[in-house]
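Since the structure comes first, as structure tokens, the remarks are kept for the end.
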Amino acid sequence: MLKKGISQWLAMILCMALLIGVTSYFSPAPVKAASFANGADISWVPGMEAQGYVWYDKNGNKRDILDILKNDYNIDSVRIRTWVNPTNDYANGYLNKERSIALAKRAKDMGFRICFNFHYSDSWADPGKQYKPSAWSNLNFEQLMKQVYDYTYEVMSDLAREGIYPEWVQVGNETNNGMLWDDGKASVNMRNFAWLVNCGHDAVKAVSRNSKVIVHLSNGYDNNLYRWMFDGLTGNGAKFDVIGMSLYPTESNWQTINNQCFFNMQDMQSRYGKEVMICEIGMDYTQEVAAKNFISDIVSKTQSVGGLGVFYWEPQAYPNYNAGYRKGAWNSDGRPTIALEGFGYNENTPVPSGGNNDSHNKNSQRIYGDLNGDGEVNTIDYSLLQRYVLEVTKTFPTQDGLIRADLNGDGTVNSADAVFMGRYLLEIIDKFPVEGNTNPQPGRQSIKNLTVYDAENRNNWKIMNNLSAGQKAFGDREYTISYVPQELAGADWIQPAMNSRANTSLDNYASFEVETDGYVFIAHSDRVLVKPQWLLEYEKTGLSIKVRESDTVERTMTVYCKKVSAGERVNLGINSNDGTSYSLIYLAIATGDIELPSPPPPPPTPEPGSGRQMEYLDRGLVAVRTDNGVFISWRLFGTDPQNIAFNIYRDGTKINSNPITSSTNYLDRSGSSNSKYYICPVIEGREMEKSKTVSVWNQNYLEIPLNRPAGGSVGGSSYTYSPNDISVGDLDGDGEYELVLKWEPSNAKDNSQAGHTGNVIIDAYKLNGTHLWRIDLGRNIRAGAHYTQFLVYDFDGDGRAEVVMKTGDGTRDGRGNVIGNPYADYRNGEGFVLDGPEYLTVFDGLTGAALETINYIPPRGRVTDWGDNYGNRCDRFLAAVAYLDGERPSIVMCRGYYTRTVLAAFNWRDGKLTHLWTFDSNTAGNGYTGQGNHNLSVGDVDGDGCDEIIYGAMAVDHDGKGLYTTGWGHGDAGHLSDLIPDRPGLEYYQIHENPPQYGATVRDARTGQLIFSIGTGDTGRGLAANIDPRHIGYQFWSSTSGGLYNSRGQRITTATPSSTNFAIWWDGDLLRELLDSNRIDKWDWNNNRTYNIFTAVGCSSNNGTKSTPGLSADILGDWREEVIFRTNNDNALRIYTTTHLTDQRIYTLMHDPIYRLSIAWQNVAYNQPPHPGFYLGHGMEAPPVPHIYLVRRN
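Once you know that position 1080 of the sequence shown is 1080 in full-length UniProt numbering, the rest is easy, because the numbers rise by one and skip nothing.
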């Protein structure tokens, strides 16, 4: 995701134009999984060796235990566990990350395949205990997910640095009831466990995409356990490759247990389409004959179903090791039992002599590349060479190892030799350069004719080859490349001069030519937030490269690529388009055709580039009684796969013959008022987790009773309360929206009017009518449309929404606590509040408790600074939610628009309000005063991934700087969307009051450029919506337009729809209907008139002649919108939903970022209808998949 606006002095572009052809490319691949794995868990070995244990083979020869396992018993694979912060107890701890990796290196060097096992604990994790690491114990669930991802990624990366890419990786050990209790306890919250599995899975794949991820349970014979667990995991979207099993039978039951396990393996494969592996087996060491037969039989059965392998758990354990473990395969005299002969036994294994065995060196017949003297060149030799190049070791096992390792004959052993060995192992070359290879400079032909335009630093730019860790990144700085992904290892590249970054007069720093068809790769620093324009030609890959600045500072570069042709010249442009010259410079490299990886899935926590945080919602299922049966409607998520389908159940019985794929609504003609319904998503033929069960509404609305506040009197007149503006958010984290309601006293005032008002009251209600809390803003907050703008949103990403608004002395929170001085009264004789402190408060959404209160920004200051002397213009407030960093929501509070305009941005994270920036028209430059509306819009209008604020006739960028101003002045209405779909980007339609030029304008939302205008003079109302199918795009009209206009600015008709207020998607087509007062109307384009299709009888609208609903939004059911009205007696709210069938299947509009933000600001001042960020109307294309991740409360 592109971001900008934070310090970039350490930002770096590692621009690697990598040209790796089949003839110049090498990536160290994992050991090929060509055969069944005969395995052993060897995790106790380091601790036992540290205690002095030794092992003998069957004939009494003292030998390395791993040598015995491999050469005597055909064990070709090992399983190694790791704990987070274990004690130094040799049996119950000891294996921290470093020791586990050291054991893996030892095993890999001996040719073993690796299964790496994350316990995610400080000690044993098994069915009876899955305790969090102590350092993780106080993390909330979102932090825990991030920690699992980060820890897994760190360990996998450290393994990769040692050349170890495990063939299999377990995320958790014997997780019969989940892991990381209680957050990940499957019986309590299966979804949490699935998400934790995904965190581990995604981190593994981000480093080693070929590693197979295992979810491991014990009791491999228990089919009911496995079905319960893997139904739950798959139903909650868990990602894994292999189902792992443990099996510990006895002498008396092993045949029965094996048969049950055989059936279970077959069932797991057919039911879930996953591979299977027996990750642990064992039997009492005294039952060695039965153990041998048991092993032989389970190996045979696992092979017969195509299983991946069988691992014996800690076979090297002496009897009663660790205070009683008896299921090893060694006797107390240090010799093996016959149990492991179930894997086979080699009678004539040669016994190595002590010391350096020169008989294996074959110096008389030197084999180049054979570094351990076994007569072969294989991955063991490659690992030895890598370790030497990285200075892990200083010698080779063979006496003439330095000669054998100098594969290009240049007299030194370095990374170039490692590249040649890799190419040899991949059969790209059949001999080494030292043996007469005609290509002594690997891959160098890929780049030629480097031209550097920066004359001052030209000598520090160089063509390099053999991209690898340990190389110097820049020609004039001591930065070291510390990590290179498998796909790019060995590539040619260009080492640049860091100082070229200061030359801002050049368009390009350098250019080069490529010799073959292939790719150019750009590794661009994650700290450079504003990507250069030339990088837009490149696509993001799933790769990254790391550069070490010092012992403690490492920088990450995301890799981008584009296809190039032989002979093409590639330009390397400036660092960044933000005008800075101090970001670190990039490198450059080029390659031939290779298979590019897909970008790895992002972790489900707020990581850079992972998308926008969005609230988790349930399916929003509604069932409504109609004349023809029961209408059923539900949500499609923006994150759902395209092939998702749905089954509908009435009273527990499925009522659709085939899964529903074309819509998210249904008419059950046999349903009744007493029926109960739930739905089940279906993915790839399997049903997932069912929705909550709902009862049938007997009418097309849900009525919510209200606790109406008592009225009162002030300033000599009495007042009563009416329900007014509403916003929604998931206040309790259950996946269902709650309502936050503002009560308006009947004596509320416009800012231009004198008079005292009653207090403003804010309530929260669940949809079942439960009254959660009440906040009384007190006498120092005046009532009226322009005073209290409240934001309801999950600002801190904890899965529950907060409520944010301006407060004052005497405000009483939802728990009855008073903010500030409860006795203060700053009202003047005319009822205005022009003195005293002002506050900004964050309230807990569930309880209404004040969480933090700070001084309000922007402050009032002098009343006359805002354009009058009596308090009209200084107290014109707006508010919005915006993703200023492109990933997480921020608070934007605004003051003024007739003259001076000030916006201030804040983050609410980790229990603190942090001020980000302030925009002030007094200091922003010419043209920004007097441009605001009585409302605003928010969206990413310039394509940088971050939100801008459309503030009437001007726009403020996400960093608090002015983006542009048109100078067209203040207005009452505005609409932001893709109004003209055949035109790039978004457009904004604005109504102008007392304009110097235009009555209403349509402009480019990014630049402010006028597209067309309609009407003249003071224009009070205007609306944009697609209401005529003969014209693609929005239609436009206003109170002065004299007709209806299409998206070309052409007048369609001189007739004007009866409403210029709100719009709503209500019936079954893609056209929008008109919402005004308590009625919904349809535009008849053939007869140029409006006709009514629905009226909410017994209900009223709000805000006088504005006639707006409490809220109009997609809060239930399918993608179409609900509308909330107050009843005429002001004692209840009614949520109305459509019962029209539609065959249009669109994800919930609340998963579209711009639409969701428009619901957050809909209550602000002069309410406006919401619009999505894509064109939704007749002739639309499929909506874009939203780049979001969902946050669910634990």
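In this text, a Cβ means the ideal position worked out from N, Cα and C, and glycines have one as well.
Sequence-distant residues of the same chain with beta carbon closer than 8 Å to residue i, five excluded per side
{"i": "residue 564", "result": "19, 514, 517, 518, 519, 520, 570 and 590"}
Reduced DSSP secondary structure (H/G/I, E/B, other) of residue i
{"i": "residue 153", "result": "helix"}
{"i": "residue 295", "result": "helix"}
{"i": "residue 581", "result": "Confidence at residue 581 is low in this model, with a pLDDT of 49, below 50, so its placement is unreliable and the value that follows should be read with caution. It is coil, neither helix nor strand."}
{"i": "residue 819", "result": "coil"}
{"i": "residue 1189", "result": "strand"}
{"i": "residue 1027", "result": "coil"}
{"i": "residue 86", "result": "coil"}
{"i": "residue 265", "result": "helix"}
{"i": "residue 394", "result": "coil"}
{"i": "residue 541", "result": "strand"}
{"i": "residue 698", "result": "coil"}
{"i": "residue 1175", "result": "coil"}
{"i": "residue 508", "result": "strand"}
{"i": "residue 762", "result": "strand"}
{"i": "residue 1183", "result": "coil"}
{"i": "residue 808", "result": "strand"}
{"i": "residue 852", "result": "strand"}
{"i": "residue 607", "result": "In this prediction, residue 607 scores a pLDDT of 41, lower than 50, which makes its location untrustworthy; no coordinate-derived value is stated."}
{"i": "residue 1139", "result": "coil"}
{"i": "residue 738", "result": "strand"}
Residue i, buried or exposed, once every other Cβ within 10 Å from all chains shown has been counted against 16
{"i": "residue 191", "result": "buried"}
{"i": "residue 70", "result": "buried"}
{"i": "residue 438", "result": "Annotation note: pLDDT 32 at residue 438 (below 50); position unreliable, coordinate value reported separately. With fewer than 16 Cβ atoms within 10 Å of its Cβ, residue 438 is classed as exposed."}
{"i": "residue 912", "result": "exposed"}
{"i": "residue 1091", "result": "exposed"}
{"i": "residue 931", "result": "buried"}
{"i": "residue 651", "result": "exposed"}
{"i": "residue 1057", "result": "buried"}
{"i": "residue 338", "result": "exposed"}
Per DSSP, the bridge partner or partners of residue i
{"i": "residue 625", "result": "630"}
{"i": "residue 77", "result": "39 and 113"}
{"i": "residue 938", "result": "949"}
{"i": "residue 245", "result": "217 and 278"}
Closest Cα partner of residue i within the set the options
{"i": "residue 925", "options": "902, 908 and 941", "result": "902"}
{"i": "residue 706", "options": "768, 970 and 974", "result": "768"}
{"i": "residue 822", "options": "788, 833, 780 and 796", "result": "780"}
{"i": "residue 347", "options": "1154, 475, 59 and 320", "result": "59"}
{"i": "residue 874", "options": "566, 154 and 750", "result": "750"}
{"i": "residue 805", "options": "789, 816 and 234", "result": "789"}
{"i": "residue 136", "options": "180, 161 and 111", "result": "180"}
{"i": "residue 636", "options": "127, 1042, 1179 and 1144", "result": "1144"}
{"i": "residue 642", "options": "1049, 44 and 1186", "result": "1186"}
{"i": "residue 905", "options": "75, 73, 941 and 947", "result": "947"}
{"i": "residue 76", "options": "208, 311 and 198", "result": "311"}
{"i": "residue 865", "options": "834, 883 and 881", "result": "834"}
{"i": "residue 1041", "options": "429, 217, 39 and 1020", "result": "1020"}
Same chain, Cβ closer than 6 Å to residue i, neighbours up to 5 away in sequence not counted
{"i": "residue 42", "result": "78"}
{"i": "residue 342", "result": "292, 295 and 296"}
{"i": "residue 464", "result": "493 and 495"}
{"i": "residue 275", "result": "242 and 308"}
{"i": "residue 763", "result": "741 and 774"}
Sequence-distant residues of its chain with Cβ nearer than 7 Å to residue i (five each side left out)
{"i": "residue 1010", "result": "1001 and 1003"}
{"i": "residue 407", "result": "368, 369, 417, 420, 421, 432, 433 and 434"}
is_contact[residue i, chain D] using C-beta, thresh 8 Å
{"i": "residue 257", "result": "Judged by its chain identifiers, the structure shown contains no chain D, having just a single protein chain."}
Residue i Cβ short of 7 Å to the ligand NAP heavy atom set
{"i": "residue 48", "result": "Of ligands this structure carries none, so the ligand NAP is not represented either."}
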